[in-house]
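Its first residue numbered 40, the sequence shown is counted upward by one per residue in this note's numbering.
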Amino acid sequence: MAADALPPPGPAGPLTFVDLIDHPAPEANWDRFYALEDRLAGAFLSACAAQACLPRRLLWPMQLRCSVRVADATVAACIWVIAGSDLRVRATGSIDPHVRVWRCPLPLDPGVAVEAFHVALEVDDPLAVRLPGASGSLLHALRTCLEAPGTPS
């Protein structure tokens with residue numbers, strides 16, 4: 040009976056990585072991160088409207104997440120989830136959904152300071168940015184990611 044009263048186990052020690060939203064403290068980067076995510080999403084939708092996403096259409100940026108190495112306050116990795124759908128009406132009247140998801144890593148050299156990461160992307164066209172250590176722009180990386188078939192959802 041006494042074992043039922045124990046709290047669930049927590050982390051074994053200090054955190055090594057946190058979500059960018061939670062750097063340097065829980066939810067401390069909330070507004071700035073979501074402004075960044077919104078700016079990237081707007082740029083993505085504009086680029087796709089200008090046919091940058093062809094041959095794929097009907098793509099939507101779903102969620103961006105970045106991990107921060109706590110010890111040195113650097114961005115370790117970012118993944119941007121993009122979803123796409125295509126609905127077709129069959130002769131029988133049924134609708135055939137074709138839904139795909141892409142998990143696109145942002146081209147990023149591990150070790151970019153959190154502040155440098157934000158500053159680099161706080162521009163009018165963040166998809167044109169080449170992040171420190173990357174060989175190409177964010178748009179190039181997204182195009183490369185979206186060339187893959189994606190995962191059925």
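Don't be surprised by glycine CBs; every beta carbon is placed ideally from N, CA and C. In this text, all values refer to a predicted model and were calculated from it rather than measured experimentally.
- Task: State the DSSP-derived secondary structure class of LEU79, mapped to helix, strand or coil.
- Result: helix
- Stretch-stretch touch, CB-based, cutoff 8 Å, three pairs: the region 102-114 with the region 152-159: yes
- Task: Would you mind working out which of ALA187, GLY123, PRO171 and ALA159 sits nearest LEU75, comparing C-alpha positions?
- Result: ALA159
- Are LEU185 and CYS92 closer than 8 Å when you measure CB to CB? yes
- Item | For ARG71, the three-state DSSP class (helix, strand or coil) | helix
- Query: Ordered along the chain, which non-local residues of its own chain (more than five positions away) have a Cβ less than 8 Å from that of ASP148?
  - Reply: LEU170, PRO171, GLY172 and ALA173
- Query: Rounded to a whole number of angstroms, what is the C-alpha to C-alpha distance between PHE156 and PRO53?
  - Reply: 24 Å
- If you scan the region 90-155 from start to end, which runs of the beta strand (DSSP E) of 3 or more residues do you find wholly inside it? 98-108, 113-128 and 134-144
- Query: For VAL158, which three-state DSSP category applies?
  - Reply: helix
- Query: Where does the unbroken beta strand (DSSP E) through VAL57 begin, and where does it stop?
  - Reply: 56-58
- Query: So, GLY81 versus LEU97, is the Cβ gap smaller than 8 Å?
  - Reply: no
- Message: Can you check which of these residues, VAL120, VAL128 and ASP164, is closest to LEU145 by C-alpha distance?
- Response: VAL120
- Message: Which residues does DSSP list as the beta-bridge partners of ASP171?
- Response: It should be pointed out that residue 171 corresponds to Pro in this sequence rather than to Asp. Answer is none; PRO171 lacks a bridge partner.
- Item | Exposure label - ALA180; buried when at least 16 CB within 10 Å | buried
- Collapsed DSSP secondary structure at PRO191 in the structure displayed: strand
- Task: Throw me the rounded Cβ distance for the PRO188 and VAL138 pair, which I believe falls under 8 Å.
- Result: Between VAL138 and PRO188 the Cβ distance is about 12 Å, and since that is not below 8 Å, they are no contact.
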